[in-house]
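Asks:
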Amino acid sequence: MTTEATLPPTSVSPTARQVWTRSRGIALAAVLLVAAAVVIAVIRSDARHGTLDPRSVDDLGSRAVAELLADRGVSTRLVTTLDEARAAAGPDTTLLVAAPDLLTHRQQTLLHSSTAASGGRTVLVAPGSWSVGRLAPDVTADPATSINSALTPDCGLPAAQRAGTAETGGIRYSTTHLEADACYPSERLATLLRVPATGGGDTVVLGAPDILYNDRLDEQGNASLALQLLGSRPHLVWYLPSLSDASATAADDERGFFDLLPPGWKWGTLQLFLAAALAALWRARRLGPLVPEKLPVAIRASETVEGRARLYRKANARDRAAIALRSTTRTRLAPLVGVPVTQAHAPEALLPALSAHLRGDGQTLHALLFGPPPSDDAALVSLADQLDALEREVRRP
C-alpha cells in the first residue's frame with residue numbers, strides 16, 4: 076500500500092487518568108475552599124459565643140455595662156422570649172432588643188404594640204431593613220453602612236452631647252418624625268435616632284452594638300453613651316431573642332433561605348460566580364471557528380501515516396483504521412475500473428466493475444472492501460496486506 080494515503084481525521088477520547096490529571100487542581104481548590112469555610116464558621120461560632128449577653132465576660136459580651144448600671148442602681152434582667160419582653164414593658168423600664176433582625180415579622184408587630192404606648196424606652200441594637208420598619212415605623216434603614224466607626228454627635232440630644240465621640244458607626248437611618256433626634260451622622264444619615272412616642276416614652280435606634288461590648292466600652296465616649304441610653308429608667312430588661320421561643324414558630328411568618336443569609340455571604344457568592352466565569356473564559360481554548368494554517372515544514376507521507384496509525388493503536392480504534400484503509404483503497408480503485416469517484420463507495424457500482432476486470436469472486440471482494448471491522452491487530456494487518464495486493468493486481472497491465 077502506498078504512503079500517499081490520506082486518512083480521515085479522528086478524535087481520541089481522554090482516559091480517566093487524563094481527566095483526573097486535568098481536573099485535580101480544581102478539585103483540590105474546591106476542597107480547600109470548603110475546609111476553610113468550615114474552619115472559619117467554627118472559629119466565628121466560638122468567638123461570638125455570648126454576644127451582647129449581659130452575663131458574658133467575653134470580648135463581645137456585655138457584662139461590663141450591666142455591672143456599671145448596677146453601680147448606678149439600675150437593675151438588669153435578661154429575658155429570651157417575646158412574652159417576657161412584652162410583659163416587662165412599662166414607664167419605669169428600658170427594653171433593649173439585642174438582635175431585632177432575629178424576630179419574625181409577627182413578633183416585631185406584637186412587640187411594637189406593647190412598647191409603643193408603654194411610656195418606657197425601647198433600644199433597638201442595629202436593626203436592619205427586615206425589622207426597623209415594624210419596630211420603629213417612622214424609621215428607614217439605608218442599604219449602605221457607615222464607613223467610619225467613631226463619629227461625633229452633631230445633634231441636640233443631651234446624652235449624645237455629654238458622651239461626645241462614640242463608636243456608633245454601622246447601619247445608617249433616616250426618619251420622617253419631625254421631633255426625632257438624629258445623632259452621629261455619617262454622610263448626612265444618622266447612626267443613632269431617638270424617636271419620641273406617646274405616653275412620654277421613646278425608641279432609640281442604634282446603628283452598631285460596639286458601645287455595648289466589653290472590649291469597646293472604654294473607647295471614646297462609648298461607656299458614657301451606653302450608660303445614659305440604658306440607665307434613664309430604674310429597670311433594664313435585656314431581650315435576647317431565642318430560636319426556642321414558641322412565638323417564633325408561627326407558620327404564617329417564616330423567613331426564606333435568602334433572608335437568613337447575611338449580606339456579606341450574598342455578595343461573596345456573587346463574586347465567586349464572577350471569578351469562576353472569568354476563569355472559564357481565561358482557560359477557554361477555542362473562542363471561535365478553527366482557522367486552517369499551513370504547516371511550516373513539509374512532512375513525509377510515511378511519517379504522517381505512521382503517526383496516525385500510532386494514535387489509532389493507542390485508542391484501540393481498529394474499526395476506524397479499517398474504514399480509513401478501505402475508503403482510500405476504493406477511492407483509488409474506482410478510476411482504474413471505469414467507475415466515477417462519486418460512486419466509489421457504492422457496492423452495486425464498484426463490485427461488478429472489479430469482478431469483470433479481475434474475473435474474480437464478487438463475494439470475496441465485498442468482504443474485503445465492505446466487510447466488518449477486524450477483531451484484532453493481526454486481522455487489521457492482514458486486511459492492509461490484502462487491500463495492497465488487490466490494488467497491485469488491478470494496476471497490473
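Counting in the working numbering, the sequence shown runs from 76 upward without gaps.
Note that CB positions come from ideal geometry on N, CA and C, so glycine has one too.
#1: Give the range of the alpha helix (DSSP H) segment to which ASP460 is assigned.
#2: Considering only their Cβ atoms, is the gap separating GLY275 from GLY245 smaller than 8 Å?
#3: At which residues does the beta strand (DSSP E) containing LEU311 begin and terminate?
#4: Span of the beta strand (DSSP E) holding TYR259?
#5: Could you check the C-alpha separation between ALA464 and PRO371 for me, to the nearest Å?
#6: Could you check how far apart the C-beta atoms of SER249 and THR215 are, in whole angstroms? I think they sit under 8 Å.
#7: Count the other C-beta atoms from every protein chain shown that fall within 10 angstroms of the C-beta of SER317, then say buried if there are 16 or more, exposed otherwise.
#8: Answer yes or no: do THR240 and LEU226 have a C-beta to C-beta separation smaller than 8 Å?
#9: With H, G and I counted as helix, E and B as strand and the rest as coil, what does DSSP make of PRO129?
#10: Quick one, which of THR169, ILE374, ALA298 and LEU443 has its alpha-carbon nearest ARG308's?
#11: Using the Cα positions of ASP17 and ALA102, report the straight-line distance between them to the nearest angstrom.
#12: Can you round the beta-carbon distance between VAL469 and LEU425 to whole angstroms, since I take them to be within the 8 Å contact cut?
#13: Could you pull out every residue in the same chain whose Cβ sits closer than 7 Å to the Cβ of GLN182, ignoring the five residues on either side in sequence?
#14: I'd like to know whether the C-beta atoms of LEU440 and PRO449 end up nearer to each other than 8 Å.
#15: Exposed or buried, PRO472, counting other C-beta atoms within 10 Å across all chains shown (16 or more means buried)?
#16: Can you tell me which of the three DSSP states THR169 falls into?
#17: What separation, rounded to the nearest whole angstrom, lies between the Cα atoms of ALA110 and ASP128?
#18: LEU345: buried (16+ other C-beta within 10 angstroms of its C-beta) or exposed?
#19: Excluding the 5 residues preceding and the 5 following GLN418 in the sequence, name in chain order all residues of the same chain whose CB lies nearer than 8 Å to its CB.
#20: Give every residue of the same chain whose Cβ lies closer than 6 Å to the Cβ of LEU315, excluding the five residues on either side of it in the sequence, and list them in chain order.
#21: What residue range does the alpha helix (DSSP H) around ASP277 cover?
#22: Specify the secondary structure class of TYR288 as computed by DSSP and reduced to three states.
#23: Look up ALA219 in the DSSP assignment and say whether it is helix, strand or coil.
#24: For a test of the three-state rule: what should DSSP assign to SER178, helix, strand or coil?
#25: Report the CB separation of ALA139 from ASN289 in whole angstroms; it is logged as a contact under 8 Å.
#26: From ASP452 to ARG467, what distance separates their C-alpha atoms?
#27: From ALA376, ALA396 and ILE374, pick the residue whose C-alpha is nearest to that of ALA384; which is it?
#28: To which residues does DSSP link VAL270 through a beta bridge?
#29: Look up VAL114 in the DSSP assignment and say whether it is helix, strand or coil.
#30: Helix, strand or coil: which one does DSSP assign to ARG383?
#31: Would you mind sorting THR403 into buried or exposed? The rule is 16 or more other CB atoms within 10 Å of its CB.
#32: Give the straight-line distance between the Cα atoms of GLY195 and ARG291, rounded to the nearest whole angstrom.
#33: Could you pull the DSSP bridge partners for ALA241 from this structure?
#34: Our contact map puts VAL198 next to VAL279 with C-beta atoms below 8 Å; I'd like the distance itself, whole angstroms only.
#35: Return the CA-CA distance between LYS74 and PRO367, expressed in angstroms with no decimal places.
#36: Please report the straight-line C-alpha distance between THR406 and ALA354, rounded to a whole angstrom.
Replies: Taking the coordinates as given:
#1: 452-470
#2: no
#3: 310-314
#4: 256-261
#5: 35 Å
#6: 5 Å
#7: exposed
#8: yes
#9: coil
#10: THR169
#11: This structure gives no information on residue 17, because the portion of the chain shown stretches from 76 to 472.
#12: In fact, because the Cβ distance is near 11 Å, the residues do not count as touching under 8 Å.
#13: LEU157, SER322 and ALA323
#14: no
#15: exposed
#16: strand
#17: 30 Å
#18: exposed
#19: ALA409, ALA424 and LEU425
#20: THR155 and ALA173
#21: Here ASP277 belongs to no alpha helix (DSSP H); instead the beta strand (DSSP E) covers 277-281.
#22: coil
#23: coil
#24: One detail in the question is off: residue 178 reads as Leu in this sequence, not Ser. Three-state DSSP puts LEU178 in coil, outside helix and strand.
#25: 5 Å
#26: 23 Å
#27: ALA396
#28: THR278
#29: helix
#30: helix
#31: buried
#32: 27 Å
#33: LEU226
#34: 5 Å
#35: In the structure as shown, the chain starts at 76 and stops at 472, and residue 74 therefore has no counterpart that could be examined.
#36: 47 Å
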